[in-house]
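**Student:**
Numbering (the UniProt record's numbering), first residue to last: 1 to 489.
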């Protein structure tokens with residue numbers, strides 16, 4: 001077995017792993033980074049994302065940042081346990097420290113460390129600006145790095161290389177190594193071709209994402225509906241969940257909601273990264289039976305698209321069709337809300353549209369007729385909640401409801417994509433894993449300078465799928481990645 005010795009071994013080459021690696025290198029540690037993907041596709045989900053961050057500016061988080069996380073901390077939480085979090089963290093009982101909910105200690109740290117973390121990224125040459133959004137209506141503020149996630153990966157990779165990191169591509173972490181006392185002491189990995197390697201280290205950082213690319217874990221945790229779900233971009237296929245499995249096997253406490261994931265509406269015909277379809281609030285959604293099943297526009301699109309995408313996944317065959325008519329052209333710039341490289345199905349009549357989409361023509365005719373009859377005249381204001389809703393229709397449409405009557409008619413297929421899974425490892429505010437037991441501070445056999453978790457391998461997501469969770473994307477993992485090696489090293 002080929003053996004490598006280093007101070008810190010980082011599993012994962014996305015923003016969390018790279019932030020951890022560069023932070024350790026800044027502290028004069030020797031670092032090895034393990035990445036399953038080849039170099040040209042390294043970076044996990046980060047490489048393919050625009051890296052939106054729920055912030056007003058690099059210096060300030062969005063006004064609803066902490067309240068949004070708090071509102072999604074968990075479903076039907078025990079109020080007696082929640083009350084314990086009002087005490088100093090050191091006084092929390094073990095069952096609260098290891099509880100799967102998103103605790104306020106972690107959320108507060110995330111909010112406090114976001115500006116200095118972005119400042120650190122700026123010091124490496126990364127700029128930030130308000131997002132050039134595909135969300136035509138929004139309920140909060142967001143910014144993004146110039147160049148998106150790819151720029152984050154390329155900049156931090158170059159910095160890691162400049163500082164002497166050993167980057168091991170096409171190398172997959174398989175198990176934690178342990179010392180004579182059972183404490184984490186490195187990683188056993190395999191390289192493409194089957195060779196086994198041992199990375200002995202004083203610190204291990206698990207930053208290797210969720211399990212978006214593991215059909216067995218998806219079936220186990222998400223259930224049968226997972227068969228209709230795919231990763232939103234190519235990077236997700238490399239996320240197999242080994243880091244989470246290793247942590248759980250070592251005694252780390254689970255956190256978040258293993259049955260859920262961040263859902264996005266995509267065009268299943270497209271193979272481009274994130275082929276989203278966000279124009280549905282201006283039309284109607286019908287399932288494979290030709291029936292409406294949801295209010296397409298109860299709130300701004302950024303506040304409802306995840307819940308609606310989940311409803312799409314629950315429909316027959318896990319698919320819906322977004323139906324529009326020619327008056328979509330009244331919505332200036334609507335095409336930026338659609339990122340697929342496939343054109344819409346276009347037809348002069350609803351009958352022809354049904355024939356091209358495979359929708360039952362009579363059911364589609366009845367659905368559109370009922371919807372059209374329920375529309376009321378009013379002032380159409382596409383970039384704000386205009387209250388132009390249907391009357392006497394179930395389910396209703398609360399805003400932007402206008403008849404589907406002006407040919408040509410357009411239709412986009414929509415299925416549910418998985419951005420990242422919500423189940424991970426419980427950590428404290430320094431990214432150290434918590435133990436599954438009620439009293440132990442960290443996993444059995446671990447020590448402070450031996451392990452840390454960051455990115456989607458740990459969970460900061462809320463647990464209520466009926467609520468909208470904003471994508472941590474690259475802000476949260478970067479913040480999580482920074483303290484992980486410091487806590488360990």
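For each residue, glycine too, the CB sits at the ideal point set by N, CA and C.
When DSSP labels each residue in this structure, what does residue 99 get in the three-state scheme?
**Tutor:** Sequence index remark: in the chain shown, residue 99 carries index 99 (1-based). Residue 99: coil per DSSP, three-state reduction.
**Student:** For residue 2, tell me which candidate among 247, 249, 191 has the shortest Cα-Cα distance.
**Tutor:** Walking along the chain shown from the start, residue 2 turns up at place 2. Comparing Cα positions, the closest option is 191.
**Student:** Do the CB positions of residue 260 and residue 147 come within less than 9 Å of each other?
**Tutor:** In the chain shown, counting from the first residue as 1, residue 260 sits at position 260. In the chain shown, counting from the first residue as 1, residue 147 sits at position 147. Result no, Cβ atoms of residue 260 and residue 147 do not sit closer than 9 Å.
**Student:** Judging by CA-CA distance, which residue of 410, 408, 19, 380 is the nearest neighbour of residue 398?
**Tutor:** Position 398 of the chain shown, counted from the start, is the residue given in the question as residue 398. That would be 380, whose Cα lies nearest to the Cα of residue 398.
**Student:** How close, in whole Å, do the beta carbons of residue 189 and residue 174 come, if the pair is a contact with beta carbons under 8 Å?
**Tutor:** What you label residue 189 is simply residue 189 of the chain shown in a count that begins at 1. What you label residue 174 is simply residue 174 of the chain shown in a count that begins at 1. So it is a contact: roughly 6 Å between Cβ atoms.
**Student:** Based on DSSP bridge pairs, tell me the residues matched to residue 492.
**Tutor:** No statement about residue 492 is possible, as the shown extent of the chain runs from 1 to 489 and does not include it.
**Student:** Helix or strand or just coil, what does DSSP make of residue 57?
**Tutor:** Taking the chain shown and counting its residues from 1, the one referred to as residue 57 is at position 57. Strand, per DSSP.
**Student:** Could you round the C-beta distance between residue 350 and residue 368 to whole angstroms and report it? I think they count as a contact, below 8 Å.
**Tutor:** In the chain shown, the residue the question calls residue 350 occupies position 350. In the chain shown, the residue the question calls residue 368 occupies position 368. Indeed, because the Cβ distance is near 6 Å, the residues count as touching under 8 Å.
**Student:** How is the alpha helix (DSSP H) around residue 119 delimited, first residue to last?
**Tutor:** In the chain shown, counting from the first residue as 1, residue 119 sits at position 119. Where residue 119 is concerned, the enclosing alpha helix (DSSP H) stretches over 104–123.
**Student:** Where does residue 349 fall in DSSP's three states?
**Tutor:** Sequence index remark: in the chain shown, residue 349 carries index 349 (1-based). Three-state result, residue 349: coil.
**Student:** Are any of the Cβ atoms in chain C nearer than 9 Å to that of residue 422?
**Tutor:** No chain C appears in this structure, which consists of one protein chain only.
**Student:** Nearest by alpha-carbon distance to residue 374: which of 386, 390, 364, 366 is it?
**Tutor:** What you label residue 374 is simply residue 374 of the chain shown in a count that begins at 1. Closest by alpha carbon: 390.
**Student:** Can the beta-carbon of residue 308 be found closer than 9 Å to that of residue 371?
**Tutor:** Along the chain shown, read from residue 1 onward, the residue named residue 308 stands at position 308. Along the chain shown, read from residue 1 onward, the residue named residue 371 stands at position 371. No; because the gap between Cβ atoms is not below 9 Å, this pair is not in contact.
**Student:** Taking 9 Å as the threshold (C-beta atoms), are residue 59 and residue 130 in contact?
**Tutor:** In the chain shown, residue 130 corresponds to position 130, counting from 1. In the chain shown, residue 59 corresponds to position 59, counting from 1. It is not a contact, given that the beta carbons lie outside the stated cut-off.
**Student:** Rounded to the nearest angstrom, what separates residue 326 and residue 298 at their Cα positions?
**Tutor:** Along the chain shown, one-based indexing puts residue 326 at 326. Along the chain shown, one-based indexing puts residue 298 at 298. One C-alpha to the other measures close to 22 Å.
**Student:** Can the beta-carbon of residue 267 be found less than 9 Å from the beta-carbon of residue 254?
**Tutor:** Within the chain shown, the letter at position 267 stands for residue 267. Within the chain shown, the letter at position 254 stands for residue 254. No; because the gap between Cβ atoms is not below 9 Å, this pair is not in contact.
**Student:** Where residue 46 and residue 482 are concerned, what is the direct C-alpha to C-alpha distance, given to the nearest angstrom?
**Tutor:** Here residue 46 corresponds to residue number 46 of the chain shown, with the count starting at 1. Here residue 482 corresponds to residue number 482 of the chain shown, with the count starting at 1. About 16 Å.
**Student:** If you follow the beta strand (DSSP E) that residue 197 is in, where does it begin and where does it stop?
**Tutor:** Numbered from 1 along the chain shown, position 197 holds the residue referred to as residue 197. Looking at the DSSP string, the run of the beta strand (DSSP E) that includes residue 197 is 196–206.
**Student:** Would you call residue 8 buried or exposed, if buried means 16 or more other Cβ atoms sit within 10 Å of its Cβ?
**Tutor:** One-based indexing of the chain shown puts residue 8 at position 8. It counts as buried.
**Student:** Please report the distance separating the alpha-carbon of residue 127 from that of residue 245.
**Tutor:** For the purposes of this step, residue 127 is taken as the residue at position 127 of the chain shown. For the purposes of this step, residue 245 is taken as the residue at position 245 of the chain shown. So the alpha carbons of these two residues sit roughly 35 Å apart.
**Student:** Would you list the one or two residues that DSSP bridges to residue 321?
**Tutor:** The residue you call residue 321 lines up with position 321 of the chain shown. 286, 413, per the DSSP bridge assignment.
**Student:** Please report the Cβ distance between residue 263 and residue 416, rounded to the nearest whole angstrom; I am assuming they are in contact, meaning their Cβ atoms lie under 8 Å.
**Tutor:** For this step, residue 263 is matched to residue 263 along the chain shown. For this step, residue 416 is matched to residue 416 along the chain shown. With 8 Å as the limit, residue 263 and residue 416 qualify as a contact, their Cβ atoms being about 5 Å apart.
**Student:** What residues in its chain sit with their C-beta under 6 Å from that of residue 341, if we drop five residues either side in the sequence?
**Tutor:** The residue labelled residue 341 in the question sits at position 341 within the chain shown. Once the five neighbours on either side are set aside, the close Cβ partners of residue 341 are 270, 272.
**Student:** Could you pull out every residue in the same chain whose Cβ sits closer than 7 Å to the Cβ of residue 176, ignoring the five residues on either side in sequence?
**Tutor:** In the chain shown, residue 176 corresponds to position 176, counting from 1. Result list for residue 176: 184, 187, 204, 246, 250, in chain order.
**Student:** Would you identify the three-state DSSP class for residue 424, choosing helix, strand or coil?
**Tutor:** Sequence index remark: in the chain shown, residue 424 carries index 424 (1-based). Residue 424: strand per DSSP, three-state reduction.
**Student:** State the DSSP-derived secondary structure class of residue 181, mapped to helix, strand or coil.
**Tutor:** As a position in the chain shown, residue 181 is number 181, starting the count at 1. Coil at residue 181, not helix or strand.
**Student:** Which whole-angstrom value is the C-beta distance of residue 208 and residue 239, which I expect to be below 8 Å?
**Tutor:** On the chain shown, residue 208 is found 208 positions in, with the first residue counted as 1. On the chain shown, residue 239 is found 239 positions in, with the first residue counted as 1. Sure, about 7 Å apart at Cβ, within 8 Å.
**Student:** Report the residue from 365, 15, 100 whose alpha carbon sits nearest the alpha carbon of residue 157.
**Tutor:** Translated into the one-based positions of the chain shown, residue 157 becomes position 157. The residue with the shortest Cα to Cα distance from residue 157 is 15.
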